[in-house]
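Structure, as structure tokens:
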Ligand SMILES: [Cu+2]
């Protein structure tokens, strides 16, 4: 019996090791995942560092408050402390419990504002992409290349081996590695949200409004998975975001093919859709 349970636990341990080891650099949600996806690009690295700092701060505060509660319950319980103190205030203590939290907030605010302004800064973008959220798919437009195409999730019955259920799409957003991409985000019907966790990019897609954000795409060919992050109706769960990053050469080859396949003059561009929507 002992031997069997030992075997059972070693199998689980080994299995989980391989599960995490093989997926260590995945840019997609994983079964039983704890914590954030591994960060890719400078924005995600900064966001990840801020998250780790906050985790330390909140853990320390929670443990300190728990210690105080337990200490008070034990030390000042009725049978140990029959005559309770009548003290109403203590100046030193009150100054301390005001100043220390202020200092903690300042320590948190500095990297937090640094990240906020980094996300919002004007960059020398290598290219611009226009993203439009539509019930229930995304439209990607490359204004400099006159390309526009829709990106639909692949239904369960059409999945090919290796494709991810509820995540893979027919036409992913294709971008070159090592590039800074300006992203303009619009909505066509209701609010959606363009969200790619491993790149730490999230921006609302709002009808009649153009939001702007940028993506720092690191070197290396990789596929980043995300999802719509704003409840937008019945099929909200079925409009994933796939960002496929190619080498510069492969991107150029893709662009040549895409210009033939996705010439944007046969469909409304994002701007035209917004204008059409507003004139209703
Ligand atoms: Cu949605």
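Residue numbers (the working numbering): 200 to 479. Glycine included, each C-beta is placed from N, C-alpha and C at the ideal position.
Checklist line | Alpha carbon of residue 327 to alpha carbon of residue 454, nearest angstrom | finding: Cα to Cα, the separation comes out at about 14 Å.
Checklist line | Unbroken beta strand (DSSP E) run spanning residue 386, endpoints | finding: 378–386
Margin query: What would DSSP say about residue 279, mapped onto helix, strand or coil?
Written below: The DSSP-derived three-state label of residue 279 is coil.
Notebook entry, point to check: With contact counted as at least three CB pairs below 8 Å, one residue from each stretch, are the stretch 419–437 and the stretch 387–396 in contact?
Noted result: Inter-segment contact for the stretch 419–437 and the stretch 387–396 is present: three or more beta-carbon pairs are separated by less than 8 Å.
Check: Regarding residue 321 and ligand 1, is the C-beta to nearest heavy atom distance less than 7 Å?
Finding: no
Next item on the list: Note down the Cα distance separating residue 253 from residue 307, rounded to an integer number of angstroms.
Entry: 7 Å
Item checked: Local Cβ density within 10 Å of residue 361, reported as buried at 16 or more and exposed below that -> exposed
Next item on the list: Decide yes or no for the touch test of the stretch 435–452 against the stretch 270–282: beta carbon pairs closer than 8 Å, at least 3 of them.
Entry: no
Checklist line | Inter-residue spacing [alpha-carbon to alpha-carbon] between residue 220 and residue 236 | finding: The predicted position of residue 220 is uncertain, since its pLDDT is 41 and thus under 50; a value taken from the coordinates is nonetheless stated next. Their backbone Cα atoms lie some 14 Å apart in a straight line.
Notebook entry, point to check: The beta strand (DSSP E) with residue 337 in it runs from where to where?
Noted result: 336–341
Next item on the list: May I ask which residues mark the beginning and end of the alpha helix (DSSP H) holding residue 253?
Entry: 240–274
Note to self: Let me confirm a value: residue 283 is counted as buried when at least 16 other C-beta atoms fall within 10 Å, else exposed. Which label applies?
What the structure shows: exposed
Notebook entry, point to check: Just how far apart, CA to CA, sit residue 240 and residue 382?
Noted result: Rounded to whole angstroms, residue 240 and residue 382 show a C-alpha spacing of 15 Å.
Check: Who are residue 347's beta bridge partners in DSSP?
Finding: Partner(s): 340.
Check: Looking at the unbroken beta strand (DSSP E) that takes in residue 440, where does it start and where does it end?
Finding: 439–445
Check: Just how far apart, CA to CA, sit residue 368 and residue 461?
Finding: 16 Å
Margin query: By DSSP's criteria, residue 352 is part of a beta bridge. Which residues make up the other side?
Written below: 368.
Check: Considering only the beta carbon of each residue, do residue 440 and residue 395 sit closer than 8 Å?
Finding: yes
Next item on the list: Go ahead and label residue 290 buried or exposed: buried means 16 or more other beta carbons lie within 10 angstroms of its beta carbon, across all protein chains shown.
Entry: exposed
Margin query: Quick check on the burial criterion: 16 or more other C-beta atoms within 10 angstroms. Buried or exposed for residue 459?
Written below: exposed
Notebook entry, point to check: What does a CB cutoff of less than 6 Å around residue 352 pick up in its chain, not counting 5 residues either side in sequence?
Noted result: 368, 437 and 439
Margin query: If you follow the beta strand (DSSP E) that residue 415 is in, where does it begin and where does it stop?
Written below: 410–416
Check: Can you pull the DSSP bridge partners for residue 392?
Finding: 403
Notebook entry, point to check: Relative to ligand 1, is the shortest distance from any of its heavy atoms to the C-beta of residue 429 smaller than 7 Å?
Noted result: yes
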